[in-house]
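Engineer: The sequence shown begins at 1 in full-length UniProt numbering and counts up by one.
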Amino acid sequence: MANTPQAKKRIRRNERRAEINGARVSRIRTFVKKVELALTAGDKDAAVAALAAAQPELFRGVSKGVVHKNTASRKFARLTKRVTALG
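Written out as structure tokens, the structure reads:
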């Protein structure tokens with residue numbers, strides 16, 4: 001258990017940040033899932049629209065520090081490749 005006031009404050013802060021960061025990651029997953037659902041349905045228009053909505057969310061996660069830059073780029077590239085192949 002934390003003994004110093006600063007350590008106690010860090011525990012409170014970390015709990016708040018974990019909740020916020022968890023919500024951010026969940027939001028990103030939701031946007032990615034919308035793209036994948038459109039892909040499995042074979043709806044190219046919906047997939048393109050969903051991808052356009054997912055891209056800023058992914059990279060916002062990068063700027064907020066909840067997703068690594070290369071991870072976001074890899075996910076976006078793979079989704080883009082699948083949407084393009086839907087042709």
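Backbone N, C-alpha and C define an ideal beta-carbon position, used for all residues, glycine too.
Going by beta carbon distance, what residues of the same chain come within less than 8 Å of residue 69, once the five residues before and after it are set aside?
Structural biologist: By 1-based counting over the sequence shown, the position of residue 69 is 69. These residues qualify, in order along the chain: 62.
Engineer: DSSP three-state label for residue 45, please.
Structural biologist: On the sequence shown, residue 45 is found 45 positions in, with the first residue counted as 1. Reduced to three states, the DSSP call for residue 45 is helix.
Engineer: Could you round the C-beta distance between residue 42 and residue 86 to whole angstroms and report it? I think they count as a contact, below 8 Å.
Structural biologist: On the sequence shown, position 42 is the one that residue 42 refers to. On the sequence shown, position 86 is the one that residue 86 refers to. Residue 42 to residue 86, Cβ: 7 Å. Contact.
Engineer: Below 7 Å CB to CB, which residues in the same chain sit around residue 48 once its five sequence neighbours on both sides are set aside?
Structural biologist: As a first step, residue 48 is located in the sequence shown; it is residue number 48 there, counting from the start. Answer for residue 48: 83, listed in chain order.
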